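Protein chains in written order, with the working numbering: chain A, 5 to 410; chain B, 5 to 410. Following: one structure in structure tokens, then a few remarks.
Have a look at this one:
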């Protein structure tokens, strides 16, 4: 039996409530004082909760592998990140709050500078000198105005930061199996469009015409006079969390990419009155009755980790800790506090280190730790396990999984 | 995506250096004093290093499985030991420093004593009374002189210890899918040659003629008057560590089998001026600039374990510890000290117990242990994991793996 069939058979719909709090990039490395961000933070509430919880460490993908946010979140939502790959074009569109449906082809684009050299179009700046975002918006809206559709395929340009934009193609018979046109090095021609599957030919024809028309519109520009396309991809077919786990799932997240990822697995996106953690908690409280699974995402731990700002990351952890009693007042049957991946300030980047994982429920075998830290988690009673097992573990503790076999 | 494709995509070539020290058969069991060999050893340098390292335990194959040196080393080098099986004939030849190429068929041979009983050739001693190695050498060189080739296939006999020898067949169209001729019990005829794949027929014909000629040469011998053949096999196709992980890898090992295993995965074999640990370190130092991955093998821990000599094994560990500062002076970005399998003196044999594993790097989450021992490793922050994940983990800590997904 495959994983999907297995959980479809065992999952039971009940009223108990699961709350998954993702402090993005939570795990860290020891800083100058010898403590990680989580260890350096003053977290009396989490420490107190740890003493009634089971602790462990999760591996987002596998040993030594640093994940992007796409696969690491899929794993945390209970989906095998090798089975469901999310293309870069899809993530780019999701990150810009573009709605994607089955059959859409999603692409990541760069404005670039090309030069005609003896009849050859040569890329002289792959990022068009990192044009200002303002300029990007202006160019995207000009392109959108002139190119609404190509050969019956609806085209959507969405500006990102600096030279980056997202492109969505919507129509019948499209396929995402196209190779990048970005030659990766300056001084080369853009690569010709090539499909790696037989269903890709129509898409090649559409995008070839699209590129000719884009070139016409941008020809007069000094810097952003052409585009390079990368990460052609389609929304993978992912069963919803309801189909797979019978969880009525809702997402509370402020950043578009995480909202997009949650939507991919069929979560409802709950409205927020502001971007702060307090606003997220208000929303949680307001909708507490309506769902059985909540995903609450805190972004700033990761952002400050990526900035290398140890103490700012510490502060975000402390801020969450102060609000924890409000969460506990909702009396979730199961509460998990974890990260999707580690983002140690020391590395200023995502890393491969496993995530601290705290699982509170009346049904845990707690280990008597009085501390929520990477080390306490390494010694925790849950041991180390793949992040994809987090949802089954939460469901079990919420008594939402039937017995396997007689 | 399979494991090979996955790492080929994520691996990045960088200048950082990884040193993998394998103290063969390091792990042990408590002796009379209640301590294992590693615990009984005086190892101030490793203990001090442990306090800045991450500790864990690795399983060479899986729970309860005792590995031979072939699969346990393959796993440590990052190759799934179930995907790449190394036949006994290949190992025997490698162990005797015989060079093997793709397409060669490698075999393990025994001199034996046969008797003509009513027209049947019956094995009366499968080991020819364990003839002296001296005699073995003489017989092999006689065979080699008379039988240089059979049906256009080049034949190479290499004497081993006592009654054992290695046979290599080199020519077109050979296959390793032949069954053993050893009947496993005395009083039986040697088994007829049989191929288990259709490409094996030519090899059957070649070996049948070879056996007739061997019998002719040995007929007059009192004890070693025939041979039994086992472990027909071919070199598996293994991508090199450079192809798979983009590591420029070199091996420092004194024993032929380990040198052979390292060559199988494409490592360069570094020259040694002697068989001692000091010589290995001199070689390491001399070639430190030329590679990004070093495998340094210490054999004696295993040999003394197999002899059941607890204190001699302790001494080898202590000898390595004394030399550790010389290794640290090279400033490796990542240093791992581990075993390929356990060889407890108590068992006088390889065992299934997981291997102590110490990983030093500036990017570990250390656990504050002040001790390198099996127990400290069982409580270490790396947890217990398959040995095949050691290379990904080392590469991650040396910042040689790209992010997976966006």
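Ideal Cβ positions, reconstructed from N, Cα and C, are used throughout, including at glycine. Treat the numbers as computed from the prediction; the structure is a model and nothing was measured.
- Under the three-state reduction of DSSP output, residue 331 of chain B falls in the helix class.
- Looking at B:266, B:18 and B:398, the one whose alpha-carbon comes closest to that of residue 68 of chain A is B:398.
- In the DSSP assignment, residue 259 of chain B falls outside any beta strand (DSSP E) and carries neither an H nor an E.
- In this structure, residue 55 of chain B sits near residue 374 of chain B, with a CB-CB distance shorter than 8 Å.
- Here residue 260 of chain A is near residue 100 of chain A, since their CB atoms are less than 8 Å apart.
- Judged by DSSP secondary structure, residue 287 of chain B falls within the alpha helix (DSSP H) whose first and last residues are 281-290.
- At a cut-off of 8 Å between C-beta atoms, residue 343 of chain B does not count as an interface residue with respect to chain A.
- Under the three-state reduction of DSSP output, residue 94 of chain B falls in the helix class.
- Neighbours of residue 90 of chain A in chain B, taken as residues whose beta carbon is under 7 Å from its own, are 409 in chain order.
- In the DSSP assignment, residue 390 of chain A is bridged to A:63.
- Residue pairing for residue 158 of chain A: DSSP places it in a beta bridge opposite A:153 and A:174.
- In the displayed model, residue 112 of chain B falls within a strand according to three-state DSSP.
- Here the segment 17-31 of chain B lies against the segment 282-298 of chain B, with 3 or more beta-carbon pairs under 8 Å apart.
- Between the segment 80-94 of chain A and the segment 226-242 of chain A, the count of C-beta pairs closer than 8 Å reaches three or more; the two stretches touch.
- A direct Cα-to-Cα measurement between residue 226 of chain A and residue 136 of chain A gives close to 13 Å.
- By alpha-carbon distance to residue 270 of chain B, the top candidate from B:50, B:81 and B:145 is B:81.
- A contact between stretches requires three or more CB pairs, one per stretch, nearer than 8 Å, and the segment 28-47 of chain A meets this requirement with the segment 348-360 of chain A.
- DSSP places residue 305 of chain A inside the alpha helix (DSSP H), whose first and last residues are 304-311.
- The way I'd put it, the segment 44-62 of chain B does touch the segment 375-387 of chain B; three or more beta-carbon pairs between them come closer than 8 Å.
- In the structure shown, residue 301 of chain B falls within a strand segment according to DSSP collapsed to helix, strand and coil.
- Out of A:291, A:163 and A:353, the CA that lies nearest to the CA of residue 317 of chain A is found in A:353.
- Within chain A, no residue has its CB atom less than 9 Å from the CB of residue 96 of chain B, the nearest being about 33 Å off.
- Residue contact check for residue 245 of chain B against chain A: no CB pair falls below 8 Å.
- Here residue 50 of chain A is buried, its C-beta having at least 16 other C-beta atoms within 10 Å.
- Between residue 307 of chain A and chain B, the shortest Cβ-Cβ separation is not below 8 Å.
- Judged by their CB atoms, residue 114 of chain B and residue 231 of chain B are nearer to each other than the 8 Å cut-off.
- As DSSP reads the structure, residue 121 of chain A sits in a beta bridge with A:124.
- CA-to-CA, the gap between residue 313 of chain A and residue 107 of chain A works out to about 41 Å.
- Two segments are said to touch when three or more pairs of C-beta atoms, one from each, lie closer than 8 Å; by this definition the segment 10-17 of chain A touches the segment 245-257 of chain A.
- When DSSP reads this structure, residue 246 of chain B sits in no beta bridge, so it has no partner.
- The Cβ of residue 292 of chain A sits no closer than 8 Å to any Cβ of chain B.
- Sequence-distant Cβ neighbours of residue 116 of chain A in its own chain, meaning closer than 7 Å and more than five residues away, are 127, 129, 130, 131, 132, 230, 231 and 232.
- With fewer than 16 other CB atoms across the displayed protein chains lying within 10 angstroms of its CB, residue 150 of chain B is exposed.
- Per DSSP, residue 185 of chain B is not a residue of any alpha helix (DSSP H), being assigned neither H nor E.
- In this structure, DSSP gives residue 26 of chain A an extended state, which the three-state scheme calls strand.
- Residue 79 of chain B and residue 389 of chain B have their C-alpha atoms roughly 12 Å apart.
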